[in-house]
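Everything on this sheet refers to the single structure shown next.
There are 2 protein chains.
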Amino acid sequence: WRAVVSSTSLPVLLAAALPLKFMAPPITDAEQLLDNPDMKAKMELLILRIQKEFCESLEAEETSGKKFSIDRWRRQNEEEGGGITCVLEGGEVLERAGVNITVMRAPLSPKLQESMRARGKTLPADKNFEFFAAGVSSVIHPRNPHVPTMHFNFRYFEVQDQHGQNKHSWFGGGADLTPYYLNTQDVVQFHAALKSACDKHGPDKYPLFKRSCDEYFLNAARGERRGVGGIFFDDMESPNPDSDFNFVRDCADAIIPSYLPIVRRRKHEAFTAEQREWQLLRRGRYVEFNLVYDRGTKFGFATPGARIESVLVSLPLTAKWLYKHDPQPGSPEYTLTDVLKNPRDWV
Amino acid sequence: WRAVVSSTSLPVLLAAALPLKFMAPPITDAEQLLDNPDMKAKMELLILRIQKEFCESLEAEETSGKKFSIDRWRRQNEEEGGGITCVLEGGEVLERAGVNITVMRAPLSPKLQESMRARGKTLPADKNFEFFAAGVSSVIHPRNPHVPTMHFNFRYFEVQDQHGQNKHSWFGGGADLTPYYLNTQDVVQFHAALKSACDKHGPDKYPLFKRSCDEYFLNAARGERRGVGGIFFDDMESPNPDSDFNFVRDCADAIIPSYLPIVRRRKHEAFTAEQREWQLLRRGRYVEFNLVYDRGTKFGFATPGARIESVLVSLPLTAKWLYKHDPQPGSPEYTLTDVLKNPRDWV
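This is the structure:
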């Protein structure tokens, strides 16, 4: 063993140990990730760490003893990258939980070029583009209707033409909470944790991204938001990518303190069959938002060869629809829908 | 009474009786519908009749005694029309069944103008357009996994500018079957009934619209069709609108003979919890298709003030998602997915 150690350089040893730190070995060769100041490498290491920490903190709350299953996959063209999809289904606390990372580089389809141009990126029409994307995304659907559903996503994009010119790079992300019953304590705690991460990077961040979140997670046809919001940002492309990265990292590190205390506090609360039914109807609305409006899901459906099973771990295990199910004014269910129609300031 | 009759013209009396023939009074004033050769009136009378006949034939199969609830509604701006939404939820045979008619005229939103231009309609950019739409649409989700889900839709559109110029009118429609288990007898019967309606209007119709159906009801991201097809057509705008109308009428009249015998034959078949689970997972795919791909649902989400509850009666009562649930090769579930990936000719 000593002989091996002495004949092997320290970086190579560290690289060999790297897979053990995460849910599965990185998508990119470990040797390329370590001590690499390139943003692509930094982002991959961040999302690997966030995935590991979040999965472990959730497993600690799951009373059935079930663990996340770990599915490391490559795109059909293996050079285009792949991902690690961690799923826990049918638990006692976690009805369906997905924590997904993706690291991919692929040609940018004409449809996606168009949607990026529509959002203000200058991509000359006569070039072929390729993109790099690295992101972590997660949706947690607990079984108990008193525990809210939570989503977060942090991603880094690079786009450049085939000559390495016309380069753009940006960050996006956010986190939002979807309760079935309104517990102000939970909502305030969630927002406060995200706000304190934002505030480290300036007082303008939280108010701006809180408002973006209320605007983005809107089911326009229903005139209601998906939940009680959180933060949302996209196309973050400041002159200093490292400061953007630090912002993203701080937000990602705020997820566990924003959400896990709520799970812990509510997971043993008793609930009725009617409350469960209400939760499933609201999950129908979650499905509507994700399939009709969500940019990430649309990106998945529009990317040739996308791994649709990984995209759709965001959907609940079960959802229901009933014609014109409107809660009684004055009921707790009505209180929730009122907040979804009229977003509030929480902190 | 005699005095009333003799002082009242026959058309007015007939018009007064018209509401009794349908699930609810027509959307347009009954006096305007009778003996009116205008296609808008003919189409409204057709869809009112189809709705009534189909609801009654389904109620005859429902063993719980539950009947369709009838919801007649107007758009917020009442001059824009409205609809009649008939829903039966939570029956023994019919888990969720919706039969909807809509008759509306409204300004054509820029987004919808764009999508019509993309499909080849010449709509000059400097004009305001309004559209008229009359259609019947229905999705039946039975409780028993051995009874397929069935959808049909027949619609008539007119578009014209504010001066009544640049007018287009066309029909669209179709019917498709979504079984959970493949029973060749059912599929052949369904297709044969539609084929014989098509064949009255020329031997080219069924093969063409059968192929269109397989192309249209494709969940591209999954590489599988929604079901075993049927017929689908759109933008039918021949020089003779009456012959188009007759084609649509004959197809609509083929729905009951194409589907009801299957319901009758299968509704008492025993099924296991595993078969029910499989049905709910397939219903998840139905939700995916409707919310991501379906033109009618997109039209609903894109129409300002659309009645989203009526659009979404197409969704099942319950749907499920599980990560990478792939049926075992050789199982009946696998046999179904194989047909969804590789459409067949049935008649």
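In the order they appear, the protein sequences are chains A and B.
The numbering of the first sequence is this note's numbering, which starts it at 244 and goes up by one.
The numbering of the second sequence is this note's numbering, which starts it at 244 and goes up by one.
Even glycine gets a Cβ: it sits at the ideal position worked out from N, Cα and C.
Contact residues of the stretch 559-571 of chain A toward chain B are 559, 560, 561, 562, 563, 564, 565, 566 and 567 (C-beta to C-beta distance below 8 Å).
The Cβ atoms of residue 553 (chain B) and residue 326 (chain B) lie closer than 8 Å to each other.
Non-local beta-carbon contacts of residue 393 (chain A) in its own chain, meaning distances under 6 Å to residues more than five positions away in sequence, involve 383, 420 and 502 in chain order.
The alpha-carbon separation between residue 320 (chain B) and residue 490 (chain B) amounts to approximately 33 Å. Distance between residue 488 (chain A) and residue 286 (chain A), taken at the CA atoms: about 8 Å.
Among the CB atoms of chain B, none fall inside 8 Å of the CB of residue 263 (chain A). At least one beta carbon of chain B lies nearer than 8 Å to the beta carbon of residue 332 (chain A). Counting only residues of its own chain and dropping the five nearest sequence neighbours on each side, residue 275 (chain A) has a CB closer than 7 Å to the CB of 284. Residues of chain A whose Cβ lies closer than 8 Å to the Cβ of residue 531 (chain B) are, in chain order, 534 and 555. Assigned with DSSP and collapsed to three states, residue 275 (chain B) falls in helix. In the three-state scheme derived from DSSP, where H, G and I count as helix and E and B as strand, residue 414 (chain B) is classed as strand. Residues of chain A whose Cβ lies closer than 9 Å to the Cβ of residue 465 (chain B) are, in chain order, 551.
Across the set A:498, A:486 and A:446, the C-alpha of A:498 shows the shortest separation from the C-alpha of residue 290 (chain A). At least one C-beta of chain A is nearer than 8 Å to the C-beta of residue 544 (chain B). Beta-bridge partners assigned by DSSP to residue 473 (chain A): A:419.
Scanning its chain for C-beta atoms nearer than 7 Å, with the 5 sequence neighbours on each side dropped, one finds around residue 590 (chain A) the residues 431, 434, 435 and 438, in chain order.
The beta carbons of residue 282 (chain B) and residue 329 (chain B) sit no closer together than 8 Å. Of the candidates B:387, B:390, B:374 and B:379, B:374 places its Cα closest to the Cα of residue 400 (chain B). From the listed residues B:579, B:305 and B:338, the smallest Cα separation to residue 521 (chain B) is found for B:579.
The beta carbon of residue 370 (chain B) lies closer than 6 Å to those of 404 in the same chain, with the five residues before and after it left out. Judged by DSSP in its simplified three-state form, residue 399 (chain A) adopts strand. A direct Cα-Cα distance of roughly 15 Å separates residue 342 (chain A) from residue 269 (chain A). Here the stretch 356-367 of chain A makes no contact with the stretch 563-575 of chain A; the two share fewer than three CB pairs at distances below 8 Å. For the stretch 496-567 of chain A, the full-length alpha helix (DSSP H) segments reaching 4 residues or more read 498-509, 516-531, 538-545 and 551-554 along the chain. Cβ-Cβ distances below 6 Å link residue 484 (chain B) to 282 in the same chain, with the five nearest sequence neighbours on each side left out; the list follows chain order.
Boundaries for residue 375 (chain B): no alpha helix (DSSP H) harbours it, while the beta strand (DSSP E) harbouring it runs 372-385, taken from the DSSP string. Sequence-distant Cβ neighbours of residue 313 (chain A) in its own chain, meaning closer than 6 Å and more than five residues away, are 266, 267 and 329. In this structure, DSSP gives residue 340 (chain B) an extended state, which the three-state scheme calls strand. The beta-carbon separation of residue 391 (chain B) and residue 447 (chain B), rounded to 27 Å, does not stay under the 8 Å limit for a contact. Measuring C-alpha to C-alpha distances from residue 513 (chain A) to each of A:352, A:558 and A:336 identifies A:336 as the nearest.
Closest in C-alpha terms to residue 445 (chain B), from the list B:471, B:412 and B:486, comes B:486. A straight-line Cα-Cα distance of about 33 Å links residue 560 (chain A) and residue 413 (chain A).
With a cutoff of 8 Å on beta-carbon distance, residue 474 (chain A) and residue 417 (chain A) are scored as near each other.
About 4 Å separates the beta carbons of residue 472 (chain A) and residue 456 (chain A), which is inside the 8 Å limit, making them a contact pair.
Around the beta carbon of residue 523 (chain B), 16 or more other beta carbons sit within 10 angstroms, so the residue counts as buried.
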